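Trainee: For the sequence shown, the numbering used here begins at 93 and goes up steadily by one.
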Amino acid sequence: MGSRRPSEERAARAGGRAVPAGKEARQDVGAWRDGGGCARWVGALLALGLAASAWSLPPLKVAVYANPPKVVLQDGQRPQGIFVDVLEQIAREEGGTLHYVPGTFQEGLDRLERGEVDLMVDVARTPERERHFELSREAVLSTWNQVYARPGLGIRNLLDLKGRRLAVLAGSVQEQFFREAAQSFGVEARILTFPTFDAAFRAVREGRADAVVANPFFGEEHLAGLDDTAIIFGPSTLHFAARKGSDPALMAGIDAHLLRFKADPASVYSVDYQQLMRLQTTRRVPAWLYPALATGLLVLLLSAGWTWTALRAAARLRVSEQRQRQLAAERMALLRSVEQRSAEIERANEDLQIVSYSLSHDLGAPLAAIRGFVAATLDGWRDSLDPRAARMLERALAGAGRIDAMLLDLAGLLRVAGEPLDPACCDLTQLAHDVVDTLRARHEIDAVVTVAPGLQVRADARLMRVVLENLIGNAWKFASRVPSPRIELGEVDGAPDRPTFFVRDNGAGFDMEYASRLFRPFSRLHDASEFPGAGIGLSIVQRIVARHGGRVWAEGAVGRGATFYFTLEGREDAGAAAAGGSSPGA
């Protein structure tokens, strides 16, 4: 919070004259009457109802814990923050006294349950807590939980937390919220509890944890040195909490005052709330925010494309079934055609499942973040646009450029899925030389490239060029930062009937623990700032090789390069001998 106390803020608004608590309350009631509005009248009536019942605030012991900027604890000073300021204003108006009992969040809950304190600030509402405590009906703030990660780990969505060490505040609802969100996606992470948010963030910076969960108020203020990810879950409201069975007039009085404070734009609550919103909106907008929105739109377009592919395949299947009912001869040939069409539908359905998953998580989480930030921005900048908006637009333009590159890759993926094969004699050696010449013309990298002679197969030459462009292009990219980049295309010895080829480089390599993610669309093992790309090229390679009856896999080690292997159905001479029959995958 700022150095100026809320009472001083209101005094400044009144022209430097401090207003006594009773007089201030009477002025507030008059302001609501003049301003009108349902919410203000409700607050006024409740306030008058309290006065009629002669409620007064008893002496209270209040549990507080450090959770800046909502609750700030400094050695030798009284607590500060919106919860404390609201409670002290109520005490001034009702003639009560407050005694603060500092500690950790878990210590505060334990003391409240044992009756050692009367009230606790900044407690999220959950069904479990409603069974153990009395919570104010009126929420002080709304919030959510966000994951902040150590840079360089590639943590961008919930799946990336599998097997990771996640720091949480002991006794908070964040562990429960995270487990519920992760369980639906089959993600298991190692949960580490810490007594304070400071300790949890420090564990991440010191390498004892990989990521931390916190509310955005604390997280944005302590973001330095960490990545703010798009992993957002568990929206919640924050309240005052009292011991179970305590005097109901206590919470009723707090709720009435809160309603009145919210209706008055000059109240201690409104001043502190606006200051909180200004703190949030002046934080930097996450780098992923605008690209995430655009990526979500792209995923929607991709979903439509795959749906169209599935419909085309289903239409072809219906035509085949019609012909089968009409014709008795060539029956076996039609059955084979139906099986082939069914396989196409199955592949399309698998791709649709991938898109469905992306829509449910990779789009859902960023959209939740967007809603939160837009709401905060409206509260803080409703009447005027901050000059920093220009820089935000520049970031959006940069994100649009990356999206354009993704569109090209997505178009290539759609073409691979929808076009028929045209198998013929294919010279992989010549195709590789053409690809290397193109790369040399585009990139000034002095790489040593070795291509084995006489690599002949029977395949669709156009699609095999796409395979080599992606594999050799990846090797070129990931070897570009070593002193003497080397790339090799060759054939594995000892495979006479089923040729196996490889592309090898001495570049950045990868951790074999994550090899299964290499061919998943949109999945990347390296940060985009290190090596650009959309994470689609290898999934295109896998689909092309699978349509030729083969498979693709990889071996590598971090800092020691990588080797990608792929097999095809047969050699050119074997394929030519059976040229009269149908070609594999055609």
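Glycine included, C-beta positions come from ideal geometry on N, C-alpha and C. The structure displayed is predicted, hence computed values, not measured ones.
By alpha-carbon positions, which one of N249, D290, A292, L261 ends up nearest to A273?
Mentor: Along the sequence shown, one-based indexing puts residue 273 at 181. Checked all of N249, D290, A292, L261; the closest Cα to A273 is N249.
Trainee: Please determine, among K162, S148, K153, the residue with the shortest C-alpha to C-alpha distance to V366.
Mentor: Mapped onto the sequence shown, residue 366 falls at position 274. Note that residue 366 corresponds to Gln in the displayed sequence, not to Val. Comparing Cα-Cα distances from Q366 to each of K162, S148, K153, the minimum goes to K162.
Trainee: By how many angstroms is the C-alpha of V633 removed from the C-alpha of L393?
Mentor: By 1-based counting over the sequence shown, the position of residue 393 is 301. By 1-based counting over the sequence shown, the position of residue 633 is 541. One C-alpha to the other measures close to 22 angstroms.
Trainee: For a quick check, are the C-beta atoms of V260 and L284 less than 9 angstroms apart?
Mentor: Taking the first residue of the sequence shown as 1, we reach residue 260 at position 168. Taking the first residue of the sequence shown as 1, we reach residue 284 at position 192. Yes. Within cutoff.
Trainee: Are the beta-carbon atoms of V549 and V528 separated by less than 9 angstroms?
Mentor: Taking the sequence shown and counting its residues from 1, one reaches residue 549 at position 457. Taking the sequence shown and counting its residues from 1, one reaches residue 528 at position 436. Against a cut-off of 9 angstroms, the Cβ pair of V528 and V549 comes out as no contact.
Trainee: Which of the three DSSP states, helix, strand or coil, is assigned to D514?
Mentor: As a first step, residue 514 is located in the sequence shown; it is residue number 422 there, counting from the start. Three-state DSSP puts D514 in coil, outside helix and strand.
Trainee: Give a yes or no on contact between the stretch 644 to 657 and the stretch 596 to 612, applying the rule of three or more CB pairs nearer than 8 angstroms.
Mentor: Yes, since at least three Cβ pairs between the stretch 644 to 657 and the stretch 596 to 612 fall closer than 8 angstroms, the two stretches touch.
Trainee: So, helix, strand or coil for A490, using DSSP?
Mentor: For the purposes of this step, residue 490 is identified with residue 398 of the sequence shown, where counting begins at 1. Here A490 scores only 45 on pLDDT, less than 50, and its place in the model is too uncertain to base an answer on.
Trainee: So, at 8 angstroms on beta carbons, what are the nonlocal neighbours of F332 in its own chain, with the 5 sequence-adjacent residues on each side left out?
Mentor: Within the sequence shown, the letter at position 240 stands for residue 332. Once the five neighbours on either side are set aside, the close Cβ partners of F332 are F175, L179, L211, M212, V213, V215, L227, S228, V232, M343, I346.
Trainee: Using the three-state DSSP reduction, which class does K153 fall into: helix, strand or coil?
Mentor: Position 61 of the sequence shown, counted from the start, is the residue given in the question as residue 153. K153: strand per DSSP, three-state reduction.
Trainee: Contact check, L547 vs I564 under 8 angstroms by CB: the rounded distance?
Mentor: On the sequence shown, position 455 is the one that residue 547 refers to. On the sequence shown, position 472 is the one that residue 564 refers to. Going by Cβ atoms, the distance from L547 to I564 rounds to 13 angstroms, so no, they are not a contact pair.
Trainee: Our contact map puts L315 next to V296 with C-beta atoms below 8 angstroms; I'd like the distance itself, whole angstroms only.
Mentor: Position 223 of the sequence shown, counted from the start, is the residue given in the question as residue 315. Position 204 of the sequence shown, counted from the start, is the residue given in the question as residue 296. Contact flag wrong, Cβ pair sits at about 11 angstroms.
Trainee: Since L149 and G188 are thought to touch, with beta carbons under 8 angstroms apart, how far apart are those beta carbons, to the nearest angstrom?
Mentor: Here residue 149 corresponds to residue number 57 of the sequence shown, with the count starting at 1. Here residue 188 corresponds to residue number 96 of the sequence shown, with the count starting at 1. Indeed, because the Cβ distance is near 3 angstroms, the residues count as touching under 8 angstroms.
Trainee: Kindly indicate which residue of S576, S572, R643, R612 has the alpha-carbon position closest to the one of R590.
Mentor: Working through the sequence shown from its first residue, we reach residue 590 at position 498. For the residues S576, S572, R643, R612, the minimum Cα distance to R590 belongs to R643.
Trainee: Considering Cα atoms alone, identify which of L152, T196, C518 is closest to D339.
Mentor: Position 247 of the sequence shown, counting from 1, holds the residue named residue 339. If we check each option's Cα against that of D339, L152 comes out closest.
Trainee: Take A123 and list the residues in its own chain whose beta-carbon comes closer than 6 angstroms to its own, dropping the five residues that flank it on each side.
Mentor: For the purposes of this step, residue 123 is identified with residue 31 of the sequence shown, where counting begins at 1. With a pLDDT of only 38 at A123, under the threshold of 50, the placement of this residue in the model should not be trusted; the figure read from the coordinates follows. Within the same chain, A123 has no close Cβ partners at all.
Trainee: According to DSSP, is T321 part of a helix, a strand, or is it coil?
Mentor: Here the question's residue 321 lines up with position 229 in the sequence shown. Of the three classes helix, strand and coil, the one that applies to T321 here is strand, per DSSP.
Trainee: So P515 and D552 are supposed to be a Cβ contact under 8 angstroms. How far apart are they, rounded?
Mentor: Numbered from 1 along the sequence shown, position 423 holds the residue referred to as residue 515. Numbered from 1 along the sequence shown, position 460 holds the residue referred to as residue 552. Sure, about 6 angstroms apart at Cβ, within 8 angstroms.
Trainee: Out of V540, P512, A539, point me to the one whose CA is closest to L555's CA.
Mentor: Start at 1 with the first residue of the sequence shown, and residue 555 comes out as number 463. For L555, the nearest C-alpha among the options comes from P512.
Trainee: With the cut-off set at 9 angstroms, would you say Q172 and S359 are in Cβ contact?
Mentor: In the sequence shown, the residue the question calls residue 172 occupies position 80. In the sequence shown, the residue the question calls residue 359 occupies position 267. Not a contact, by the Cβ cut-off of 9 angstroms.
Trainee: According to DSSP, is H314 part of a helix, a strand, or is it coil?
Mentor: Translated into the one-based positions of the sequence shown, residue 314 becomes position 222. Looking at H314 - three-state DSSP - the assignment turns out to be coil, as it is neither helix nor strand.
Trainee: Any idea what DSSP makes of G648, helix, strand or coil?
Mentor: Within the sequence shown, numbered from 1, the residue matching residue 648 stands at position 556. Looking at G648 - three-state DSSP - the assignment turns out to be strand.
Trainee: Between A262 and the rest of its own chain, which residues show a CB-CB distance below 8 angstroms, the 5 nearest in sequence each way excluded?
Mentor: Here residue 262 corresponds to residue number 170 of the sequence shown, with the count starting at 1. Result list for A262: T196, F197, Q198, T285, F286, P287, in chain order.
Trainee: Where R352 and E185 are concerned, what is the direct C-alpha to C-alpha distance, given to the nearest angstrom?
Mentor: Within the sequence shown, numbered from 1, the residue matching residue 352 stands at position 260. Within the sequence shown, numbered from 1, the residue matching residue 185 stands at position 93. Cα to Cα, the separation comes out at about 13 angstroms.
Trainee: Once you ignore the five residues that flank N307 on each side, which residues in its own chain have a CB closer than 6 angstroms to its CB?
Mentor: Walking along the sequence shown from the start, residue 307 turns up at place 215. Correct list, in chain order: T235.
Trainee: Applying the 10 Å Cβ sphere with the 16-neighbour rule, what's the burial state of G326?
Mentor: Here residue 326 refers to the residue found at position 234 when the sequence shown is read from its first residue. Counting Cβ neighbours within 10 Å, G326 comes out buried, since at least 16 surround it.
Trainee: In whole angstroms, what separates the C-alpha of N237 from that of L258?
Mentor: The residue given as residue 237 occupies position 145 in the sequence shown. The residue given as residue 258 occupies position 166 in the sequence shown. Approximately 13 angstroms, taken between the alpha carbons.
Trainee: Considering R639, what are the terminal residues of the alpha helix (DSSP H) in which it resides?
Mentor: Taking the first residue of the sequence shown as position 1, residue 639 is located at position 547. Taken as a continuous stretch (DSSP letters only), the alpha helix (DSSP H) holding R639 covers 629 to 639.
Trainee: Whole angstroms are fine: how far does the CA of G299 sit from the CA of R256?
Mentor: Indexing the sequence shown from 1 puts residue 256 at position 164. Indexing the sequence shown from 1 puts residue 299 at position 207. In a straight line, the C-alpha of R256 is about 12 angstroms away from that of G299.
Trainee: Got a sec, what are the start and stop residues for the beta strand (DSSP E) P194 sits in?
Mentor: Here the question's residue 194 lines up with position 102 in the sequence shown. Element bounds for P194: 190 to 194.
Trainee: Use the C-beta contact count for D538: other C-beta atoms within 10 angstroms, 16 or more gives buried, fewer gives exposed.
Mentor: In the sequence shown, counting from the first residue as 1, residue 538 sits at position 446. Its Cβ having fewer than 16 others within 10 Å, D538 is exposed.
Trainee: So what does F570 bridge to, in DSSP terms?
Mentor: Counted from its first residue, the sequence shown places residue 570 at position 478. F570 is not bridged to any residue.
Trainee: Going by CA-CA distance only, name the one from N562, A649, E605, R639 that's closest to L630.
Mentor: The residue you call residue 630 lines up with position 538 of the sequence shown. The option with the nearest alpha carbon to L630 is N562.
Trainee: Just list the residues that DSSP pairs V540 with in beta bridges.
Mentor: Locating residue 540 in the sequence shown gives position 448, counting from the first residue. The partner list for V540 (beta bridge, DSSP) reads R578.
Trainee: Assign N307 to one of three DSSP states: helix, strand, or coil.
Mentor: As a working note, residue 307 is residue 215 in the sequence shown. The answer is coil: DSSP assigns N307 none of H, G, I, E or B.
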